[in-house]
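Student: Sequence positions in the sequence shown follow our numbering and run 57 to 400.
One structure follows; several queries about it will come next.
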Amino acid sequence: MIPFPDQWAFLASIRRLSYAEITTFLGISNKQIGIPGVKRSGMIDISTLQTLARSKNILDIDRHYGLIIVDECHHGSAVSFEGVLKLFSTRVMLGLTATPFRKDGDQAIFHMQCGPIRHQMKGPEDSTLTNKRVVVRESHFRMPPESPPQSPIHEVWNQLILDKNRLELISNDIIAAIQSGQFPLILSERKDHLERLYSLVQQKSADTAFKGFLLFGNMGKKERKRIMVGLAQCLEQKEKPCLFSTGSLIGEGFDLPELDTLILAMPISFKGRIIQYVGRINRISQGKSAATVYDYVDINLGLTISMFRKRLPAYKKLGYTVEAPPNTKVSELIKRTRKMNINA
């Protein structure tokens, strides 16, 4: 940390650092931590960007700092957050992010706030994980015959999460992962999808001790804490649980290093999300040397094929080997995509 004599401010999109972690790291007391617009501490002030954006007296607070640290600074392109950052006066603004790009292409906005990329950290997990692979599964899901040729994407997802064969395929992989001693994280953007998968895995695991946990963003703090305590107890007892959660909750600010398997239950395309989600299983943990991603390609839909093609460069960037059964449609798709990328 740069030893500026002036006061610091730490701004985040979500509150993920506890005061205990901050005081331990900096060697300070709770009294030395303040909140912009509420109490200036003389050392470091902490707030979320959402809190400041909602503040009615944002223009009245003292906004002069020697150093401002913006965590997950790619959110600075959002109109409300950009407006907050513009108000602060500082000698140095430091932005931190694992994904210095946005799906909407507006990364230039947060670069104007925080400047260009000055340094890229290489995680220690790059050297500790010796086996990083993506297992590609071929799904034969089709839209119902009565559906229009160009169905709205929400309607495609509504049908996809109900497909019995696809649910069977994913649930079998979850069970196989648990039985082989892995700790899987099952991600989907639909709560009802996760609940179906949870129930299916639970039914198939009736003869064994199934330790599954559902974690959603609309749960209260007490409920989330209960789930995290339950996960910790399973790990202490050398039991391998599985966690079902939405990508919006897990993508940022979630740290459970024991996770070693990622089940991508719904298609995604943005490389930033791939980097965030795969990052959940890339963390260092004692005895962990492998990380596995299960990717499901719905081979009969042009939309999902296109999304899969966009995922492949992200896997390559993260150092993952992509595996698919030989002589299948998906293996041929991978070959063609790689050839296109080489010739591009």
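All C-beta atoms in this analysis are idealised placements derived from N, C-alpha and C, irrespective of residue type, glycine included.
1. Assuming Tyr352 and Ser236 form a contact by the criterion Cβ under 8 angstroms, report the distance between their Cβ atoms to the nearest whole angstrom.
2. I need the DSSP call for Met57, collapsed to helix, strand or coil.
3. For Asp316 and His120, I'd like the C-alpha separation in whole angstroms.
4. Between the beta-carbon of Glu245 and the beta-carbon of Gly303, is there less than 8 angstroms?
5. Can you give the beta carbon distance from Leu225 to Leu250, rounded, assuming they're within the 8 angstroms contact cut?
6. Have a look at Lys391, Tyr376 and Arg365 and flag the residue whose alpha-carbon is nearest the alpha-carbon of Asn383.
7. Straight-line CA distance for Glu292 to Ile242?
8. Which class does Ser261 belong to by DSSP, given the choice of helix, strand or coil?
9. What's the C-alpha gap between Asn274 and Ile337?
10. Take every Cβ of the stretch 274 to 289, pair it with every Cβ of the stretch 370 to 380, and state whether three or more of those distances are shorter than 8 angstroms.
11. In terms of alpha-carbon separation, which member of Tyr350, Pro313 and Gln238 lies closest to Lys296?
12. Quick one: using the 10 Å Cβ neighbour count with 16 as the cut-off for buried, is Gln169 buried or exposed?
13. Hey, how far is the Cα of Pro323 from the Cα of Met363?
Tutor: A quick look at the data gives this:
1. Taking the first residue of the sequence shown as position 1, residue 352 is located at position 296. Taking the first residue of the sequence shown as position 1, residue 236 is located at position 180. That belief does not hold up - the Cβ atoms of Tyr352 and Ser236 are roughly 19 angstroms apart, past 8 angstroms.
2. Looking up residue 57 in the sequence shown gives position 1. With a pLDDT of 45 at Met57, under the threshold of 50, the modelled position of this residue cannot be trusted; read the value that follows with caution. Assigned with DSSP and collapsed to three states, Met57 falls in coil, not helix or strand.
3. By 1-based counting over the sequence shown, the position of residue 316 is 260. By 1-based counting over the sequence shown, the position of residue 120 is 64. When rounded, the distance between both Cα atoms is 43 angstroms.
4. Against the sequence shown, residue 245 aligns to sequence position 189. Against the sequence shown, residue 303 aligns to sequence position 247. Yes, these two residues count as a Cβ contact at 8 angstroms.
5. Numbered from its first residue, the sequence shown carries residue 225 at position 169. Numbered from its first residue, the sequence shown carries residue 250 at position 194. Actually they are not in contact, since the Cβ atoms of Leu225 and Leu250 sit about 16 angstroms apart, beyond 8 angstroms.
6. Your numbering for residue 383 matches position 327 in the sequence shown. It is Lys391.
7. Residue 292 sits at position 236 when you count from the first residue of the sequence shown. Residue 242 sits at position 186 when you count from the first residue of the sequence shown. Taking the straight line from one Cα to the other gives about 21 angstroms.
8. Within the sequence shown, residue 261 is the residue found at index 205, counting from 1. When DSSP states are grouped into helix, strand and coil, Ser261 belongs to the coil group.
9. What you label residue 274 is simply residue 218 of the sequence shown in a count that begins at 1. What you label residue 337 is simply residue 281 of the sequence shown in a count that begins at 1. If you take the alpha carbons of Asn274 and Ile337, they lie about 23 angstroms apart.
10. No, the stretch 274 to 289 is not in contact with the stretch 370 to 380.
11. Numbered from 1 along the sequence shown, position 240 holds the residue referred to as residue 296. Among Tyr350, Pro313 and Gln238, the Cα nearest to that of Lys296 belongs to Gln238.
12. As a first step, residue 169 is located in the sequence shown; it is residue number 113 there, counting from the start. Buried, since its Cβ has 16 or more Cβ neighbours within 10 Å.
13. Start at 1 with the first residue of the sequence shown, and residue 323 comes out as number 267. Start at 1 with the first residue of the sequence shown, and residue 363 comes out as number 307. Answer to the nearest angstrom: the Cα atoms are 7 angstroms apart.
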